[in-house]
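Below: the structure, in structure tokens.
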Amino acid sequence: MTDTHPNGSPGAREAHGGGHGETSFLWKYVFSQDHKVIGIQYGITGLCFLFFGFTLMMLMRWQLAYPNQPLPWPWLAELLGNIRAPGGVLEAGFYNQLGAMHGTIMVFLGVVPIAVGAFGNYVVPLQIGAPDMAFPKLNMASYWVYFCGGVIMLASFFVPGGAASSGWTSYPPLSNIATQGQTWWLVGMVFLITSSLLGSVNFIVTIVQMRAPGLSMFRLPFFVWAQLVTAFLLLLAFPPLEAAGVLQLMDRVFGTSFFLPSGLVVNAIPYAQTTGYSGGGSALLWQHLFWFLAHPEVYVLILPAMGIVAEIVANNTRKPLWGYRLLVYAAIFLGFMSFIVWAHHMFMTGMGTVMSTFFQTTTMIISIPSVIILTCMILSLWGGSIRFSIPMLFALAFLPMFAIGGLTGLPLGLTLSDLHLHDTYYVIGHFHYVVAPGTIMALFAGIYYWYPKVTGRKMSGLLGHLHFWPTLILMNSIFMPMFFMGMAGLNRRMYDQTVYVHGRGVQPLSLMVSWSAWMLAVAQIPFIINFFKSWKAGEKVNDNPWEATTLEWAAPSPPPHGNFTTLPEVHRGPYEYSVPGQSGDFCPQHARPDSASEGTPSAPPVPAAH
Amino acid sequence: MDPVKFGYWFPADVSTHGPSVDLLIDYVHYLAVALFVGWGIFMLYCLIRFRQRPGHKAQYELPHFKGSKYAEVAVALIELVLLLGFSIPVWASIRYELPRTDAPDKVVVRCIAEQFAWYFWYPGPDGEFEPASADRIKPSNPLGLRDPSRDAVSKDEFHFPVNRPIVVYVTSRDVIHGFNIPLMRVKHDAVPGLNIPIWFQATKTNDEIFAAMSPERLRIGPALVGRKEPYIAMEAVKAADGSDLLKSGDTFVFGEALVKGLTGAGVQELSVKLKFPVELACAQLCGNGHSGMRAAVSIDTEEQFAAFIAGKMAK
Ligand code: HEM
Ligand SMILES: [Cu+2]
Ligand SMILES: [Cu+2]
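First to last, the sequence lines map onto chains A and B. Following this note's numbering, the numbering of the first sequence begins with 13 at its first residue and continues without gaps. Following this note's numbering, the numbering of the second sequence begins with 26 at its first residue and continues without gaps.
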């Protein structure tokens, strides 16, 4: 794995030699095959979906804070209409639609597209010194298939009965007997999965085949490794869910019984009488297929975030990462293990002792590489010269937030303690600490960090601070109370938690969560302003404003079609900061070593003006 | 018994196995907090000591941290102990050991969930469950028993005797539900097509729990209309016209008229106790009525339980 490949597959090279970029606006910005444009498309679309998914949640939080009270604004009730909000009060079925679609949109239309589609697409080819992805047309197809999937999901809100309402997990038989929206959800998922599969093949081939000369596997930035492992997870885990989705579609549309056991009685009438279904299927089969994807999916959500954080930590401590190889091995091991822990989501379904012993053991084992990754990143701070730039603040915040998310997974991974916590708000708190204060913070870090590469301008530091501090505090005041609510026994997916006496006991926390969530929306205003204003009016910076070492900074900002003015050659590892005996405190991967001493490089070649 | 409160940590526990569940949760959190504090202090220290400032330089040579290796090995060992010492054996015993042995005093109940109700089905004096068939289901025979008069069936009210092992066969006849009694640390999915036994044993009766429970101040509002669960008033309330709305000690259910009356009398909060303080909640999303899919749990004395069964048989 350590030898280097000649840069690029001939096909991809020719595509760029021929130059297909200079045509009309439509082909340049809409149906583009350039990985950078596609990355930006993914990023903007993903951010919109993230905001939309968050809006759904803000609506739900009204009902949870003020159960069965009309929405505060009449125009909002009017907008939702009488079916969704009769008398201004959110209807229970609509609440379930919001819940199911929040989860689906956040995971499959928001975070993954940003973490993989946007950052992966934009940064990976640059970091490996490639002119583009290996299969540019596949890349474009991947975006547009994703886009169609998103449109289908959005459209499903307007079909009779509304959108899918059986949770983002869509457990049968509930999902089988649900309204039409569920069929749309399944079709949408088939699109989204297809898109991810197209993308993952592309990433794997690109990273394996198109690295710059000299860029051996162990000189790859950790971000690229994270994307590589992620691509394998997507490639191997999604097909079972795609198959399962098609089976559920068959059940719903053609009356098969893959997930329907015999003898169902719905509304006190034998289901066979009303539908003529045959039965003989298994409701749990879906759960196995679903979680076989959805557990690796958790690592799809977190690995790219770790990659982003690793880049930013190395850059802002001005020293090499501590334990780079250990990090790589841990990420690979994590990826592998993530395929054999899935049934810890099913401890309460009645599996035997042997099965549950196996799955709790693998779950405890998988916590070890996570601890290693976190430890490496924290130890990397030691001996640094730490620069508190905006990206670094977000990256630093990621570490303790991810730690909370990871540590609270332990009691859920042991069957005995899971007995009390399973399906409660504790679970919601746990995985949100991983994906919201964790991954989302890392995604913000990445946006602030690579923004100058994409636009040639820096985002404002003042607005950055105004964004960071409230966001950090509010993320915690949203998700920390959830642990206490879950500990008190409050179940998740509840339309009205005051039904139970233990739910009433924690109702004040629910108010705190809701108000924090609404304030979190306000706290994003500085980011939105910053994001758009800096595009044209941000401070102009040079090609390498963070004085970083990896290859993306060798390209002009923004990189032209084909990325590099001269394709770089790589001479060293990814994080050669503060090398002793050198004048500057960083030594880019592509800087030529001075003939005799590895020590002082010649000045990094400044790319031609753009 | 200790006072029963509903706050921000574990709810009270009235089962025999509950303490070991809570203990493990506590232990795991000790480990988590220790790690988090350790990491946190180290991280803050680094952020301060190694901040960028004039004259300070990063060091290229990576220090060799022995501590991290020890910490990782320690974490692995602690996890191993929690796994082998607690989770696996205790889980095995609470999930599987009892239903197989023939405890003479055990009570066997079948629980059948449907959207959005819980049925508890007890064998009659013959100790046998009647055969059931979906074709016979009608309002007077909700489980479709061959001879409904030979068994006891209770809807949304789960009675069982204290201090005896209770074996419940949990199933569902439509979608997946979750059989969950937080105060007893009992949770199991009710999956259609599967009929899986779980068991537990209570240590306190309903009356003891009721006595130890502090009254709650319930917010009066539209959310209460249509609630089925009975409450006991802890204070007297007079209506706007001076008549008695509630007397202290009254058992009542919130209806539209009562809520209107209370609101009319300007009552914002009412001091009450749940008549059945132990609740059975649905833990799996099962449709629009999921959050209201609740059953009362009554932990009876032997006499109370016998009377309950007799009453159900008489119907
Ligand atoms: C930062 C803003 C966010 C807030 C305030 C928020 C809040 C919530 C809440 C309160 C629930 C529980 C609903 C219930 O149990 O009824 C929930 C569910 C969920 N959230 Fe989020 N969330 C946020 C971001 C995210 C992100 C970034 C993701 C994914 C990457 C995500 C994925 C999910 C999923 C999958 C569920 C469904 C859990 C279930 O089915 O029980 N959320 N969210
Ligand atoms: Cu249910
Ligand atoms: Cu339910």
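We put the CB at the ideal spot given by N, CA and C, even for glycine.
- Inside the region 208-278 of chain A, DSSP marks whole alpha helix (DSSP H) runs of 4 or more residues at positions 234-266, from first to last along the chain.
- Selection Gly267(A), Phe351(A), Trp394(A) and Pro233(A) evaluated against Val321(A) yields Pro233(A) as nearest (Cα-Cα).
- Our two residues, Lys545(A) and Ile402(A), have alpha carbons roughly 17 Å apart in a direct line.
- Phe31(B) sits buried, since 16 or more C-beta atoms from the chains shown fall within 10 Å of its C-beta.
- Assignment of His300(A) by DSSP, reduced to helix, strand and coil, places it in the helix class.
- Taking C-beta atoms as the reference points, Gln75(A) and Asp508(A) count as a pair closer than 9 Å.
- The C-beta distance from Val303(B) to Ile206(B) rounds to 6 Å, short enough to meet the 8 Å contact threshold.
- Contact residues of the region 276-292 of chain A toward chain B are Leu276, Val277, Val278, Ala280 and Pro282 (C-beta to C-beta distance below 7 Å).
- Between the region 222-231 of chain A and the region 575-590 of chain A there are three or more C-beta pairs closer than 8 Å, enough to call the two in contact.
- Cys307(B) carries a strand assignment under DSSP once its states are collapsed to helix, strand and coil.
- For Cys307(B), the Cβ falls inside the 8 Å cut-off from some heavy atom of ligand 3.
- Cβ proximity to chain B below 8 Å picks out Ala500, Gly501, Asn503, Arg505, Met506, Tyr507, Asp508, Gln509, Thr510, Val511, Tyr512, Val513, His514, Arg516, Gly517, Val518 and Leu521 from the region 500-523 of chain A.
- Arg78(B) counts as exposed, since fewer than 16 other C-beta atoms from the protein chains shown sit within 10 angstroms of its C-beta.
- Comparing alpha carbon positions, the residue from Phe279(B), Ala335(B) and Leu287(B) closest to Ser268(B) is Leu287(B).
- A Cβ-Cβ separation of about 6 Å places Leu87(B) in contact with Trp334(A) under the 8 Å criterion.
- Under the criterion of beta carbons closer than 8 Å, Gly149(B) and Ser158(B) do not qualify as touching, at roughly 18 Å.
- The Cβ-Cβ distance between Leu210(A) and Ala153(A) falls below 9 Å.
- Bridge partners of His213(B) according to DSSP: Phe204(B).
- Here the region 337-344 of chain A does not lie against the region 282-295 of chain A, with fewer than 3 beta-carbon pairs under 8 Å apart.
- Shortest gap from the CB of Leu310(B) to any heavy atom of ligand 3: under 8 Å.
- Boundaries of the beta strand (DSSP E) around Leu295(B): Glu294 to Leu299.
- With contacts defined by Cβ atoms closer than 9 Å, Val297(B) and Glu233(B) do not form a contacting pair.
- If you check the C-beta of Phe443(A) against ligand 1, you find a heavy atom less than 8 Å away.
- Only residues of its own chain outside the window of five on either side were considered, and among them Ala326, Asn327, Thr329, Arg330, Lys331, Pro332, Thr561, Asp597, Phe598 and Cys599 have a CB closer than 8 Å to the CB of Tyr589(A), listed in chain order.
- A heavy atom of ligand 3 is found nearer than 8 Å to the CB of Gly203(B).
- Taking a C-beta cut-off of 7 Å against chain A, the contacting residues of the region 221-247 of chain B are Ile221, Glu241 and Pro247, listed in chain order.
- Under the Cβ criterion (8 Å, minimum of three pairs), the region 58-78 of chain B counts as touching the region 386-404 of chain A.
- The C-beta of Arg135(B) comes no closer than 9 Å to any C-beta of chain A.
- A distance below 7 Å between beta-carbons, with the five flanking residues on each side excluded, links Ser569(A) to the following residues of its chain, in chain order: Pro464, Lys465, Gly468 and Asp555.
- Counting C-beta pairs closer than 8 Å gives three or more between the region 171-179 of chain A and the region 110-118 of chain A, which meets the contact rule.
- For the 9 Å CB-CB criterion, Trp64(B) and Ala320(B) do not form a contact.
- From the listed residues Tyr95(B), Tyr147(B), Pro167(B) and Ala128(B), the smallest Cα separation to Glu139(B) is found for Pro167(B).
- Along the region 72-97 of chain A, the positions whose C-beta sits under 8 Å from a C-beta of chain B are Pro79, Asn80 and Gln81, read in chain order.
- DSSP places Phe185(B) in the strand class (E or B) of the three-state scheme.
- Cβ proximity to chain B below 8 Å picks out Thr329, Arg330, Lys331 and Pro332 from the region 318-333 of chain A.
- Around Gln309(B), the beta-carbon contacts reaching into chain A at under 7 Å are Asp435.
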